[in-house]
Structures are given as C-alpha cells and as structure tokens.
Amino acid sequence: MPTQKDEENGMPQEVVKLYFGFTLRKLKVFLSLVLLSITEILGYSAIATFFPVVAANKGLSPGEIGLVFASYSISGIFAALVAGTILVKIGTKFCVLSGMFFNAGALICFGFLDQTALTPFYVLSIASRGLMGFGCNLAYTAMYAIIFSEFEDRSITVVGMSETLVSIGGMIGPLV
Numbered sequence: 011m012p013t014q015k016d017e018e019n020g021m022p023q024e025v026v027k028l029y030f031g032f033t034l035r036k037l038k039v040f041l042s043l044v045l046l047s048i049t050e051i052l053g054y055s056a057i058a059t060f061f062p063v064v065a066a067n068k069g070l071s072p073g074e075i076g077l078v079f080a081s082y083s084i085s086g087i088f089a090a091l092v093a094g095t096i097l098v099k100i101g102t103k104f105c106v107l108s109g110m111f112f113n114a115g116a117l118i119c120f121g122f123l124d125q126t127a128l129t130p131f132y133v134l135s136i137a138s139r140g141l142m143g144f145g146c147n148l149a150y151t152a153m154y155a156i157i158f159s160e161f162e163d164r165s166i167t168v169v170g171m172s173e174t175l176v177s178i179g180g181m182i183g184p185l186v
C-alpha cells in the first residue's frame with residue numbers, strides 16, 4: 011500500500027508529522043506566527059511603564075495620556091475593518107508584513123518623541139500609537155486568516171496557542 015506524500019518535500023507524511031502533529035511546512039508557519047504573536051504586542055505593552063511619566067513631565071493631563079493609549083484601539087478597529095475587505099485582494103502575507111512594518115516604524119518614531127515640544131509631542135504620540143494599532147491589528151487579522159487556512163483541522167488549538175503567546179508578550183513587554 012503506497013504512502014501519501016507531503017507536497018513540499020516528497021517525504022511520506024508519517025515521517026514529516028513529527029512535530030506536534032504538524033508537517034514541516036505547518037511547523038514553519040506556526041513558528042512564524044509564534045514570533046508575530048509575541049513581538050507585535052511587545053510594543054503595545056513596553057511603553058506602559060514609562061510613557062505616563064514622560065507624558066506627565068511634558069505637561070499632558072491624565073485624560074490626554076488616556077487618549078494616546080486609546081488611539082491604539084481606535085485605529086485597531088479601523089485596521090480590522092480594512093484588512094477584512096482587502097485581505098483577499100493583496101494577500102495575507104503582504105498584510106502581515108505591512109502590519110509589522112507599520113508597527114516597527116511607529117515604534118521607532120515613538121522613541122524620538124521625547125525630543126519634541128508639548129503640542130507636537132501630543133499630536134505625534136496619538137499618531138504614532140494609532141499607527142502601531144493599525145499595524146498590529148492588520149497583522150493579527152491576517153494571522154487569523156492564515157491560521158484558519160493552514161490549520162483547518164487544528165485551527166482552534168492554534169488560535170488558543172496564539173492568544174497565550176500574545177499574553178506572554180504582554181507580560182514580557184514591561185520587563186524589556
């Protein structure tokens with residue numbers, strides 16, 4: 011009786027499915043999603059320890075600081091809506107990479123905000139956090155699409171693992 015071959019490398023599936031029941035290709039996709047889950051949330055949580063102090067020293071009120079933090083979620087809602095409509099046109103891989111690019115660029119810009127005056131600091135903080143939220147949610151929306159297309163039979167398990175890793179990234183962020 012012939013064995014079924016894996017499309018990627020022609021090896022029998024019994025040999026390939028050694029890693030948590032995943033094929034080698036699915037394992038690579040899963041490890042990429044692990045890195046995405048942890049690193050994307052690091053930027054969100056890393057600034058929580060120092061930004062309120064820096065913003066208060068710049069002269070922002072607690073309400074203004076709250077608005078800076080809220081801009082992440084507000085733009086994230088918009089990103090999820092946009093990603094849901096354009097995902098099939100531009101592809102999941104492009105959405106993940108562009109979301110990571112937006113998030114990384116916004117984090118770099120956020121690092122230089124302490125060099126600005128009060129009004130530009132406030133406006134650029136909102137814009138930077140908004141871009142972080144847009145990028146992160148663009149990447150996460152595409153990540154869930156990848157999970158449900160690649161891991162049809164175990165998608166709920168992979169989503170659960172991904173959410174666990176997001177929580178771990180959220181805990182590591184303030185420590186960094």
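With the first letter of the sequence shown counted as 1, position 164 gets the number 174 in my numbering; the numbers rise by one all the way through. Ideal placement from N, C-alpha and C gives every residue a C-beta, glycine not left out. Since this is a predicted model, take the numbers as computed values, not measurements.
- Inter-residue distance for residue 176 and residue 103 is about 19 Å (C-alpha atoms, whole angstroms).
- The closest CA to that of residue 169, considering only 153, 180 and 184, is found on 153.
- Contact annotation: residue 136 and residue 71 have beta-carbon atoms that are not nearer than 7 Å.
- Put simply, the backbone Cα of residue 108 is about 12 Å away from that of residue 151.
- Residue 123 and residue 131 have their C-alpha atoms spaced approximately 6 Å apart.
- In the DSSP assignment, residue 50 falls within the unbroken alpha helix (DSSP H) covering 34-56.
- Straight-line measurement puts the Cα of residue 164 at about 38 Å from the Cα of residue 76.
- By the CB criterion at 7 Å, residue 52 and residue 183 fall inside the cutoff.
- The alpha-carbon of residue 36 is positioned some 28 Å away from that of residue 142.
- Counting the other Cβ atoms within 10 Å of the Cβ of residue 57 gives 16 or more, which makes it buried.
- If you check the CB distance, residue 106 and residue 149 come in under 7 Å.
- Out of 162, 120 and 112, the CA that lies nearest to the CA of residue 64 is found in 120.
- Burial is judged here by how many other beta carbons sit within 10 angstroms of a residue's own beta carbon; residue 181 has fewer than 16 and is exposed.
- Under the three-state reduction of DSSP, residue 101 is assigned to coil, being neither helix nor strand.
- In this structure, the straight-line span from the alpha carbon of residue 167 to that of residue 125 is close to 45 Å.
- 40 is the residue among 31, 40 and 34 whose C-alpha sits nearest the C-alpha of residue 158.
- By the neighbour-count criterion, in which 16 or more other beta carbons inside 10 Å mark a residue as buried, residue 50 falls on the buried side.
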